[in-house]
Amino acid sequence: MQRPTFIQENISLAELTTFKLNVVAEYFGNIATTDQLAAAVAWAKANEITFFILSGGSNTIFDGERYEGLVLHIDIRDYKLLDSYDDDQILEVGAGEDWDEVVARSIDDGLSGLELLSAIPGLCGSAPVQNIGAYGREFDQIFESLDALDTHRNELVQLGKDDCQFSYRTSIFKSTARGRYIITAVRMRLNRRAPDPPTYKDLVRYFGERVIGQPTAMQIREAVISIRQAKFPNPQQVPNVGSFFKNPIIDREHFERLEKTFPQINEPRPGWSQPARWFLPNDQVKIGAGWLIEELDLKGYVHGHVKVDDNHALVLENTGQASSKELLELRDIIVQRVYEKFQIKLEVEPDIVSSATSKPQA
Ligand SMILES: Cc1cc2nc3c(=O)[nH]c(=O)nc-3n(C[C@H](O)[C@H](O)[C@H](O)COP(=O)(O)OP(=O)(O)OC[C@H]3O[C@@H](n4cnc5c(N)ncnc54)[C@H](O)[C@@H]3O)c2cc1C
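The end of the sequence shown is residue 447 by the working numbering, with every number in the run present.
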């Protein structure tokens, strides 16, 4: 089978990922239609070429300087208001639409539901993959269904909420069906009512200070953007992938031992609105990974050309010519030190991709 003409060879991915590691893809295709997608996958499978799906590259780290295989950059565009039921409105978007542009446009269209998820980098097709979330809103709360190419059966399928098995920062696309589905369109159930007032502490404080009791979706969006800008370094200025580690979840017994040795875990840090621990159902406790790293005094720590951000301990940044080796070494240093001090194993949030691990499951 001949290589489709839109697939190129030896393309740098540095500008397609927000950490800007200089990685070269053996093959690369920009995918604007489902037909192109099907053709590219058919070609890769016929030639036993590993492939990887790249959208905004804000949650992806390539391990190594070269990706031996095919990188497919999803650029399928669409924005459509579909059915409405009472106050609910279904919005369908192409997987290649920019997430934050869709959030802004939905608010302009008089819809609420996405405002708390403002300013999360990336494209719409990735939102279900890691079940994005922020400020008390998780993507699965507004998810309706999605279309995907099932690369095992070579057909387009529609998946609903139960199929996707969403939970905290994960889904079937990151776990049991990793590499199987390529999402082409996403449908969300938004509504035309005014949004409920936010309950997340930073937002409650923001609106309290401005004496706004019932903020509009646009006001909530502006608040989220302003809080995020103060917290996260902008990847366009400082290359990074946002939070590098997930907040670990431990059991109650482990937490009780932890609070005995580190009672400060029950106090908010100066400038923080709440302590970095959240009590969950089933006797589980979520711990702020940033708090653990701060306790080790690692803010501002430099390893080669990679650095722990000066203000946000969860963010690792590329100070210039960083290599994936340096980044993964710093990951290991942090994971090991956190484990030694707290007996908590940190897990990395972005997808770490090597040619060997990205092969679709048989
Ligand atoms: C500054 C900053 C702040 C962030 N804040 C948040 C936050 O508040 N909350 C949050 O949840 N995340 C946050 N993130 C992480 C990131 O923005 C999200 O995970 C986002 O959804 C990633 O989108 P992307 O298009 O860049 O994904 P990519 O990095 O391109 O891809 C991520 C994964 O999804 C897979 N994938 C991508 N597109 C598809 C598709 N169409 N079909 C199948 N698989 C696909 C890829 O193969 C990869 O495994 C932040 C990142 C940064 C840099």
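Where is the CB? At the ideal position from N, CA and C, for every residue including glycine.
Check, Outcome
"Sequence ranges, beta strand (DSSP E) only - wholly within the segment 191-270, length at least 3", "228-235, 240-245"
"Length of the line joining the Cα atoms of Arg306 and Glu240", "37 Å"
"Met303 - DSSP class collapsed to helix/strand/coil", "helix"
"Spatial neighbours of Gln93 in its chain, beta-carbon cut-off 6 Å, leaving aside the 5 residues before and after", "Phe113"
"Runs of beta strand (DSSP E) lying entirely within the segment 385-428, each at least 3 residues, in chain order", "391-393, 400-403"
"Nearest-angstrom Cα separation, counted from Ile297 out to Gln304", "9 Å"
"Anticipated Cβ contact below 8 Å, Val370 with Lys384, distance rounded", "With a Cβ gap of about 23 Å, Val370 and Lys384 do not count as contacting."
"Sequence-distant residues of the same chain with beta carbon closer than 7 Å to Val214, five excluded per side", "Ser256, Phe258, Lys259"
"Assigned exposure category for Met273 - 16 Cβ within 10 Å defines buried", "buried"
"Spatially closest choice to Trp184 from Ala212, Phe292, Gly198, by CA coordinates", "Ala212"
"Any non-hydrogen atom of ligand 1 closer than 7 Å to Asp436 Cβ", "yes"
"For Ile227 and Asn216, the rounded distance between their alpha carbons", "11 Å"
"Rounded C-alpha distance that separates Ser311 from Pro300", "15 Å"
"Contacting residues, own chain, Cβ-Cβ under 7 Å from Thr145 (five flanking each side not counted)", "Thr102, Leu139, Pro435, Asp436, Val438"
"8 Å Cβ cutoff met for Leu157 and Ile116", "yes"
"Proximity winner among Val289, Gly198, Phe427, Asp417, relative to Lys345 (alpha-carbon distances)", "Phe427"
"Beta carbon proximity, Pro435 to chain D, threshold 8 Å", "Given the protein chain composition of this structure (a single chain), no chain D is represented."
"Cut-off 7 Å between Cβ atoms - residues of its own chain near Gln174, not counting five sequence neighbours on either side", "Leu166, Leu196, Leu275, Asn276, Arg277"
"Alpha helix (DSSP H) segment containing Ala131, residue limits", "119-131"
"Rounded separation between Gln87 and Ala124 - CA only", "10 Å"
"N- and C-terminal bounds of the alpha helix (DSSP H) containing Ile449", "The structure shown does not extend to residue 449, since the chain is modelled only from 86 to 447, so the question has no answer here."
"Exposure of Leu288, with buried meaning 16 or more beta-carbon neighbours within 10 Å", "buried"
"Under 8 Å between C-beta atoms of Ala233 and Tyr266", "yes"
"Alpha carbon of Asn351 to alpha carbon of Ile334, nearest angstrom", "16 Å"
"Check whether Phe330 and Leu244 have beta carbons under 8 Å apart", "no"
"Pair within 8 Å by beta-carbon distance, Phe292 and Ala279", "no"
"For Thr345, the first and last residue of its enclosing beta strand (DSSP E)", "Looking at the sequence itself, residue 345 is Lys, so the reference to Thr does not match. That residue, Lys345, is in no beta strand (DSSP E); its alpha helix (DSSP H) goes 337-346."
"Environment of Glu425 [buried if 16+ CB atoms lie within 10 Å]", "exposed"
"Closest residue to Gly327 among Ser143, Phe91, Ala129, Ala110 (Cα-Cα distance)", "Ser143"
"Whole-angstrom C-beta distance between Ala374 and Leu412, which should lie under 8 Å", "Actually they are not in contact, since the Cβ atoms of Leu412 and Ala374 sit about 16 Å apart, beyond 8 Å."
"Where the alpha helix (DSSP H) through Trp357 begins and ends", "No alpha helix (DSSP H) holds Trp357; DSSP gives it neither H nor E."
"Assigned exposure category for Val187 - 16 Cβ within 10 Å defines buried", "buried"
"Spatially closest choice to Phe251 from Gln314, Asp225, Leu208, by CA coordinates", "Asp225"
"Cβ shell of Val126 (< 6 Å), same chain only, five flanking positions each side left out", "Thr236"
"Trp376 burial status per 10 Å Cβ neighbour count (16 or more: buried)", "buried"
"Contact test: Asn325 Cβ vs ligand 1 heavy atom, cutoff 7 Å", "yes"
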